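Residue numbers (the numbering used here): 25 to 205. Glycine included, each C-beta is placed from N, C-alpha and C at the ideal position. Since the structure is predicted, the reported quantities are computational estimates derived from the model, not experimental observations.
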């Protein structure tokens, strides 16, 4: 059975939505998942599901409900597979951004990118940032730094009409792929 990666949105940022990684590991272990580990302090967990038939969607719902029940936080979660990450990396439409991995983000989305809604986002209003759509992700290169960008996960979720959007820098995406192998 292949490992999955759980991405929690907006935790441990600016002192809000604090989730100690030990608590996240314990939560997943108590759900029966095995091989649980975390990466960084920003809501990334790698685990092998308790059920061989569990889908990303059912694991996402389970994680969101458990975080709410156990930690008292109503936050969005996403679950992806190693294969999802490998495909996302291979499909990178902004390969030149890989040389600046801390300024290169992937925003994971809870649903597929609606191409009509994506086309309505005017790229000239976000310069010097460059961005492109994947199947269920937005790739974003912010040469002046991601802190100055208006292309936040909240903005993208609203513009693309998805329930959850959560961003990770390129280094983190690569590490999660490697750790979930």
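Same chain, Cβ closer than 7 Å to residue i, neighbours up to 5 away in sequence not counted
| i | result |
| --- | --- |
| residue 92 | 98 |
| residue 175 | 150, 153, 155, 164 |
| residue 64 | 196 |
| residue 142 | 157, 184 |
Nonlocal neighbours in the same chain, by C-beta distance under 6 Å from residue i, ignoring five residues either side
| i | result |
| --- | --- |
| residue 100 | 33, 188 |
| residue 58 | 72 |
From the options, residue whose alpha carbon lies closest to that of residue i
| i | options | result |
| --- | --- | --- |
| residue 221 | 88, 39, 37, 61 | This structure cannot settle anything about residue 221, because the visible part of the chain is limited to 25 through 205. |
| residue 134 | 36, 180, 53, 193 | 180 |
| residue 31 | 56, 80, 50 | 80 |
| residue 167 | 203, 125, 137 | 125 |
| residue 39 | 190, 116, 66 | 66 |
Residue i, DSSP secondary structure in three states
| i | result |
| --- | --- |
| residue 156 | strand |
| residue 176 | coil |
| residue 183 | helix |
| residue 40 | strand |
| residue 27 | coil |
| residue 32 | strand |
Extent of the continuous alpha helix (DSSP H) run through residue i
| i | result |
| --- | --- |
| residue 197 | 194–203 |
| residue 275 | What is shown of the chain runs 25 to 205, which leaves residue 275 out entirely. |
The beta strand (DSSP E) enclosing residue i, as first and last residue numbers
| i | result |
| --- | --- |
| residue 77 | From DSSP, residue 77 is part of no beta strand (DSSP E); its letter is neither H nor E. |
| residue 102 | 101–105 |
| residue 61 | 58–62 |
| residue 68 | 68–72 |
Could I get the ranges of all uninterrupted alpha helix (DSSP H) runs contained in the segment 107–150, with 4 residues as the minimum, in chain order? You should have 139–143.
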